[in-house]
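Q: Here it is, the structure in full.
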Amino acid sequence: MELTEKEFLQKIVTHKGIIYKVIRIYFENHNDREDLFQEIILQTWKSLASFKGNSQFSTWLYRIALNTAIVFFKKEKKRNDTIRNERLQPISMQDDTSEKETQLIHFYKAVYQLDKIEKAIILQYIDGLSGEEISKNLGLSPVNTRVKLNRTKKKLQDIIKQQGYEF
Amino acid sequence: MNFDNIKSALENEDHAPHVPESLAILKKSEMPILRIRKTMKGEIITQLLCIVIFFVAPSFMKLHQFPRAVYYIFMFLTALMTLGYVTKMIWFLKKTESVQSSTKETILLFIHDIQLTLEVYKTAIISGSILLPISITALLLGSTNFDENLFQKWFLLDISVTGIISLIFGYLITTFFIYIITIKWADNLYVRHIDKLKNVLNSLNE
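Here is the structure:
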């Protein structure tokens, strides 16, 4: 696909929600998210020439964003180790927090304890991708994907329960 | 667990960072493979500069004809190996840095590229470093301040048996240290990135 830099950035503005979902699930820290956001834009721009248009731009961007997040390592290890070493504490909510917001807070808190592949699987599952699409994106067999998906959902539920919440 | 609620809550969130107006203002890449490329770019420039300096150096020194010839022959071989490595690096740098394949393919490609480049790098550095002491000795012993035959005798092993044995041991020890330093340095620079990628691959395969 041939686009000028301006046209490309315009396209990114249109689809930035896709990138946001990925960076949000991969990093808790705002600066790390910002770095990953920039990295995804950079990688998408570099890969643009090889985008043949066989799929929708948004689908292709989603895959680039996920792969970039998976091979992006900045500062992550130390933070994850810290999280693993922390005892899980129940999250205190303010009274005016809606049910959905509460669920989302617990969801994110739990998701940050998943590994990179588990995050990719759960995000694609929530986004409504079929098992076949997930396995194609990750390069896994459908059986392996199904096993991993079930394992990840169970792990996520367990972590949320440990937070003293259930939904 | 109701993922539909999560999905709608996720979609209602809109705090995406600002998209820059130009790609030029984006931060430099933090991807392992791109960090390696960056380090390699620096190395290519350093090595090319070293080749130029080594070829120009004898012009400022008074050397006998034989050591001068040996110096240039061995420097030529060293330069050839370095240039071979540099060519490989340039190929590596130009190669598409694709992240659009499946995740597994992308990681495998990254690991493969890094490992291949690393092996070429180690071989080139070690081979080059093994030849370098001969050039350096030619430069030191071949000076017109010394006897014309001094270097020739050393080079043609026209020295005592004890001298030859010391030379072999000295050379082996030097080579061993060059090898260890190169491996440690390369591992420190590159292997930790490969290990991180392998960990992701393992978690994909589990």
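Protein sequences appear in the order of chains A and B.
Per numbering that gives the first Met the number 0, residue 0 is the first one in the first sequence, and the count goes up by one each step.
Per numbering that gives the first Met the number 0, residue 0 is the first one in the second sequence, and the count goes up by one each step.
All C-beta atoms in this analysis are idealised placements derived from N, C-alpha and C, irrespective of residue type, glycine included.
Between the Cα of LEU139 of chain A and the Cα atoms of B:ASN204, B:VAL69, B:ASN11, which residue gives the shortest distance?
A: Taking only the C-alpha atoms, the option nearest LEU139 of chain A is B:ASN204.
Q: To the nearest angstrom, how far is the alpha carbon of LEU130 of chain B from that of SER134 of chain A?
A: Taking the straight line from one Cα to the other gives about 51 angstroms.
Q: Would you say the beta carbon of GLN156 of chain A comes nearer than 7 angstroms to a heavy atom of the ligand COA?
A: The model depicted lacks the ligand COA and carries no ligand whatsoever.
Q: Please classify GLN9 of chain A as buried or exposed, where buried requires at least 16 other C-beta atoms within 10 Å of its C-beta.
A: Looking at its Cβ environment, which holds fewer than 16 other Cβ atoms inside 10 Å, GLN9 of chain A is exposed.
Q: How many angstroms separate the CA atom of LEU62 of chain B from the CA atom of THR81 of chain B?
A: Using only the alpha carbons, I get a separation of about 25 angstroms.
Q: Using three-state DSSP, classify LEU35 of chain A as helix, strand or coil.
A: LEU35 of chain A falls in the helix class under three-state DSSP.
Q: For chain A, find out if any of its Cβ atoms is closer than 8 angstroms to the Cβ of ASP157 of chain B; answer yes or no.
A: Closer than 8 angstroms: no.
Q: For the stretch 35 to 69 of chain A, enumerate the residues whose C-beta is nearer than 8 angstroms to any C-beta of chain B, in chain order.
A: From the stretch 35 to 69 of chain A, only PHE36, GLN37, GLU38, ILE40, LEU41, GLN42, TRP44, LYS45, SER46, SER49, PHE50, TRP59, ARG62, ILE63, LEU65, ASN66, THR67, ILE69 have a Cβ closer than 8 angstroms to chain B.
Q: For ILE177 of chain B, which residues from the same chain have a beta carbon less than 6 angstroms from its beta carbon, with the 5 sequence-adjacent residues on both sides left out?
A: Taken in chain order, the residues that qualify are SER128.
Q: Identify the contact partners of ALA109 of chain A in chain B, using a Cβ-Cβ distance below 9 angstroms as the criterion.
A: Those do not exist, as ALA109 of chain A stays about 10 angstroms from chain B at its closest Cβ, beyond 9 angstroms.
Q: For ILE116 of chain A versus TYR61 of chain A, is the C-beta spacing smaller than 8 angstroms?
A: Against a cut-off of 8 angstroms, the Cβ pair of TYR61 of chain A and ILE116 of chain A comes out as no contact.
Q: Using the beta-carbon of each residue, which ones in chain B are nearer than 8 angstroms to ASN28 of chain A?
A: Result: empty, since nearest Cβ-Cβ is about 13 angstroms, beyond 8 angstroms.
Q: In chain order, what residues of the stretch 96 to 114 of chain B put their CB closer than 8 angstroms to some CB of chain A?
A: Going along the stretch 96 to 114 of chain B in chain order, one finds GLU96, SER97, VAL98, GLN99, SER100, SER101, THR102, LYS103, GLU104, THR105, ILE106, PHE109 with a Cβ nearer than 8 angstroms to chain A.
Q: Which residue marks the beginning of the alpha helix (DSSP H) containing GLU118 of chain B, and which one marks its end?
A: Note, GLU118 of chain B: alpha helix (DSSP H), 102 to 140.
Q: Does the distance from the CB of PHE171 of chain A to the CB of HIS29 of chain A come in under 8 angstroms?
A: This structure cannot settle anything about residue 171 of chain A, because the visible part of chain A is limited to 0 through 166.
Q: Could you check where the alpha helix (DSSP H) with SER3 of chain B kicks off and where it finishes?
A: With the sequence shown as reference, residue 3 of chain B is identified as Asp, and Ser is not the correct amino acid for it. 2 to 11 is the span of the alpha helix (DSSP H), which, as asked, contains ASP3 of chain B.
Q: For LEU62 of chain B, which three-state DSSP category applies?
A: LEU62 of chain B: strand per DSSP, three-state reduction.
Q: Determine the closest residue to SER38 of chain A out of A:SER54, A:LYS5, A:ASN66, with distance taken between C-alpha atoms.
A: Rather than Ser, the amino acid found at residue 38 of chain A in this sequence is Glu. Selected option, being the one with the closest Cα: A:ASN66.
Q: Buried or exposed: which applies to LYS77 of chain A, given that a residue is buried once 16 or more other Cβ atoms fall within 10 Å of its Cβ?
A: In this prediction, LYS77 of chain A scores a pLDDT of 45, lower than 50, which makes its location untrustworthy; the coordinate-derived value is nonetheless stated afterwards. Exposed, because fewer than 16 other Cβ atoms sit within 10 Å of the Cβ of LYS77 of chain A.
Q: Counting beta carbon pairs with one atom in the stretch 115 to 126 of chain B and one in the stretch 181 to 200 of chain B, are three or more of them shorter than 8 angstroms?
A: As far as the Cβ criterion goes, the stretch 181 to 200 of chain B touches the stretch 115 to 126 of chain B, which means the pair count is three or higher.
Q: Using the Cα positions of PHE65 of chain B and LEU33 of chain B, report the straight-line distance between them to the nearest angstrom.
A: Their backbone Cα atoms lie some 45 angstroms apart in a straight line.
Q: I'd like the list of long-range same chain contacts for ILE125 of chain A, defined as Cβ closer than 6 angstroms, with 5 residues on each side in sequence excluded.
A: Nothing listed; no residue qualifies.
Q: What does GLU42 of chain B touch in chain A if you count any residue whose Cβ is under 8 angstroms from its own?
A: Neighbours of GLU42 of chain B on chain A: none; closest Cβ ~21 angstroms, over 8 angstroms.
Q: Do the stretch 105 to 123 of chain A and the stretch 156 to 165 of chain A make contact, defined as three or more Cβ pairs closer than 8 angstroms?
A: Segments in contact, yes.
Q: Quick one: what's got a C-beta closer than 8 angstroms to GLY174 of chain A's C-beta in the same chain, skipping five residues either side?
A: The question about residue 174 of chain A has no answer here: the residues shown for chain A are numbered 0 through 166.
Q: When DSSP labels each residue in this structure, what does ALA15 of chain B get in the three-state scheme?
A: The answer is coil: DSSP assigns ALA15 of chain B none of H, G, I, E or B.
Q: Using the three-state DSSP reduction, which class does GLY83 of chain B fall into: helix, strand or coil?
A: GLY83 of chain B falls in the helix class under three-state DSSP.
Q: Grouping DSSP H, G and I as helix and E and B as strand, with all else coil, what is GLU98 of chain A?
A: It is helical.
Q: Check each candidate in B:VAL85, B:ALA68, B:GLU10 and name the one with the smallest Cα separation from LEU47 of chain B.
A: Of the listed residues, the one whose Cα sits closest to LEU47 of chain B is B:VAL85.
Q: For the alpha helix (DSSP H) holding PRO57 of chain B, just list the boundary residues, first then last.
A: Segment: none, PRO57 of chain B is in no alpha helix (DSSP H) and carries neither H nor E.
Q: Counting C-beta neighbours from all protein chains within 10 Å, is the total for ASP157 of chain B 16 or more, i.e. buried, or is it exposed?
A: With fewer than 16 other Cβ atoms within 10 Å, it is exposed.
Q: Quick one: what's got a C-beta closer than 7 angstroms to VAL98 of chain B's C-beta in the same chain, skipping five residues either side?
A: THR105, listed in sequence order.
Q: Go to HIS14 of chain A, then tell me how far its alpha helix (DSSP H) extends in each direction, as first and last residue.
A: Segment: none, HIS14 of chain A is in no alpha helix (DSSP H) and carries neither H nor E.
Q: Could you tell me whether the Cβ atoms of ILE50 of chain B and ALA15 of chain B are closer together than 8 angstroms?
A: Contact: no.
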